[in-house]
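Reviewing the structure listed below.
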Amino acid sequence: MNNINTTFLLLALLAEIIGTVGGFGSSVFFVPIGNFYFDFYSVLGLTALFHLSSNLSKIFLFKKGLDKRLLLYIGLPSVLFVILGGVLSKYFESAYLEVVLGVFLILLSVFFLLRSGFAVKDSNKNAVIGGSLSGFSAGLLGTGGAIRGLTMAAFNLEKSVFVATSAFIDFMIDFSRTFVYYNNGYIHKHDLKYVPFLLVIGLVGSYIGKRILDKIPQGKFRKLSLLFILIIGLATLLNLFLNTGAQN
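Our numbering numbers the first residue of the sequence shown as 31 and each following residue consecutively.
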């Protein structure tokens, strides 16, 4: 365990558990956590590799629940736009985009929490828009699961269907952006020592998350997901604030 940060690995496990329960993947927690320990582009590379195993675990654990309609209308645009976002990530200042993402997630989650009866129209158009935005955000910032979670929450899916569909889409996204990030030079040799540990964490965290999810009543699932998304937005802004303060 020489030169391995065990605190980071424990936080990665927590991110995987919460991401499984929330249904939108661990990257929304893993990326802000990773930014405390690595540079932004290294986090992008590690996130893509970490997610490949964690999403395979979720697909296996929740394989009976899969919405093929959303897989098409959210998944396909997500893959196309994650490639675009990954390519453009080399040319954009990430801090400004992370501020926009953090504020966006906070405002939308608070709105849905305060107006629990409100629902986005269940339409193919909304699914395509949500998939495009989440894919682009995943490629550019490393995390787009929260945007996809907000989109999928509008369809009021049963929790196992929600998690399985989200994980399958996430796997497609991660598989695509891994090649883009590698080409961009984000996957560094000195960071690969963490990959075996993250692969195990992906499996263990997904299993623990599923056991917790099995005990959560369906009526509380949507509210819990939105609370997690609110925390994600706040954590994103806090991380930026701390990083900015450290540089001044």
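All C-beta atoms in this analysis are idealised placements derived from N, C-alpha and C, irrespective of residue type, glycine included.
Margin query: The alpha helix (DSSP H) that contains Phe68, what's its start and end?
Written below: Judged by DSSP secondary structure, Phe68 falls outside any alpha helix (DSSP H); it is assigned neither H nor E.
Note to self: Between Ile238 and the ligand ADP, is there a pair consisting of the residue's CB and a ligand heavy atom that are separated by less than 8 Å?
What the structure shows: Although the ligand ADP was asked about, the structure shown includes no ligands whatsoever.
Item checked: Gly115 in three-state terms, based on DSSP -> In the displayed model, Gly115 falls within a helix according to three-state DSSP.
Check: In chain order, which continuous runs of the alpha helix (DSSP H) of length 4 or greater are located wholly inside the region 203 to 265?
Finding: The qualifying runs are 225 to 243.
Notebook entry, point to check: Quick one: what's got a C-beta closer than 7 Å to Pro107's C-beta in the same chain, skipping five residues either side?
Noted result: Closer than 7 Å at the Cβ level, and outside the excluded window around Pro107, lie Val158, Gly161, Ser162, Gly165.
Check: Excluding sequence positions up to five away, which residues of its chain have a Cβ less than 8 Å from the Cβ of Val140?
Finding: Cβ within range, chain order: Leu260.
Item checked: alpha helix (DSSP H) segment containing Tyr126, residue limits -> Per DSSP, the continuous alpha helix (DSSP H) segment holding Tyr126 begins and ends at 124 to 144.
Check: Run through DSSP, which three-state label would Gly6 get?
Finding: Any question about residue 6 goes unanswered here, given that the chain covers just 31 to 278.
Notebook entry, point to check: Excluding the five sequence neighbours on either side, which residues of its own chain have a C-beta within less than 7 Å of the C-beta of Glu128, listed in chain order?
Noted result: Result list for Glu128: Leu171, Thr266, Leu270, in chain order.
Item checked: Phe59 - containing alpha helix (DSSP H), residue span -> Counting along the chain, the alpha helix (DSSP H) containing Phe59 begins and ends at 57 to 64.
Check: Skipping 5 residues on each side, what residues in its chain have a beta carbon closer than 8 Å to that of Lys223?
Finding: Hits under 8 Å: Asn33, Ile34.
Item checked: Cβ-based burial, Gly215 [other Cβ within 10 Å; buried from 16] -> Exposed is the call here.
Notebook entry, point to check: In this structure, does DSSP put Asp97 in helix, strand or coil?
Noted result: Reduced to three states, the DSSP call for Asp97 is coil.
Checklist line | Pairwise C-alpha distance: Leu229 and Phe80 | finding: One C-alpha to the other measures close to 6 Å.
Margin query: Using a 10 Å radius around the Cβ and a threshold of 16 neighbouring Cβ atoms, would you call Leu14 buried or exposed?
Written below: Here the chain has residues from 31 to 278 only, and residue 14 is not among them.
Margin query: Considering Cα atoms alone, identify which of Ser72, Val112, Gly116, Leu110 is closest to Val225.
Written below: Ranked by Cα distance from Val225, the first of Ser72, Val112, Gly116, Leu110 is Ser72.
Check: Excluding five sequence neighbours on each side, which residues of the same chain lie with their C-beta closer than 6 Å to the C-beta of His218?
Finding: If we look at His218 and ignore the five residues flanking it on each side, its Cβ neighbours are Ser72.
Notebook entry, point to check: Counting pairs of Cβ atoms below 8 Å between the region 96 to 105 and the region 197 to 211, do you hit three or more?
Noted result: Three or more beta-carbon pairs separated by less than 8 Å link the region 96 to 105 to the region 197 to 211, which places the two stretches in contact.
Notebook entry, point to check: Which residue's Cα is closest to the Cα of Phe258: Glu188, Gly179, Phe209?
Noted result: For Phe258, the nearest C-alpha among the options comes from Gly179.
Check: Between which two residues does the alpha helix (DSSP H) carrying Phe185 extend?
Finding: Careful: Phe185 lies outside any alpha helix (DSSP H) and carries neither H nor E.
Next item on the list: Pick out whichever of Gly64, Leu100, Gly75, Phe68 has its Cα sitting closest to the Cα of Ser196.
Entry: With distances taken between Cα atoms, Ser196 lies closest to Leu100.
Check: In its own chain, which residues sit with a C-beta less than 7 Å from the C-beta of Ser124, not counting the 5 before and 5 after it?
Finding: The beta carbon of Ser124 is closer than 7 Å to those of Phe70, Leu171 in its chain, skipping five residues each way along the sequence.
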